[in-house]
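Quick notes on the structure that follows.
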Amino acid sequence: MEDDKTKYGGSDGNRVSADQDYEVEYFAKRHRISPGAVRELIRQHGNNRKALGRQARKLRP
708 MEDDKTKYGG SDGNRVSADQ DYEVEYFAKR HRISPGAVRE LIRQHGNNRK
758 ALGRQARKLR P
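Heads up, the final residue of the sequence shown is numbered 768 in the numbering used here, and it's a clean run with no missing numbers.
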């Protein structure tokens with residue numbers, strides 16, 4: 708199901724959706740990792756944005 712981009716807030720901001728390319732690409736660009744690495748992190752660690760951020764920092768050179 709697609710996000711309703713007219714509604715903001717709630718717990719949706721705390722998660723990264725692997726199904727939404729723009730979310731994956733934004734997260735990848737922000738953390739300087741590849742979109743494939745983001746999807747792999749989501750698969751391994753779930754979609755919690757804070758947890759993914761901690762894991763993404765470990766991948767940076």
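Using N, Cα and C, we set each Cβ at its ideal position, and we do this for glycine too.
Nearest candidate by alpha-carbon position, reference residue i, set the options
i, options, result
"arginine 756", "Phe734, Lys765, Asp728, Asp726", "Phe734"
Residue i (DSSP reduced to helix, strand or coil)
i, result
"asparagine 755", "strand"
"arginine 767", "coil"
"arginine 722", "strand"
Burial state of residue i (16 or more Cβ within 10 Å)
i, result
"glutamine 762", "buried"
"glutamate 732", "exposed"
"aspartate 726", "exposed"
Within-9 Å CB hit, residue i to chain C
i, result
"lysine 757", "Absence of chain C from the displayed structure is noted, only one protein chain being present."
Pairwise C-alpha distance: residue j and residue i
i, j, result
"leucine 766", "isoleucine 740", "7 Å"
"arginine 722", "glutamine 751", "14 Å"
"asparagine 754", "serine 724", "7 Å"
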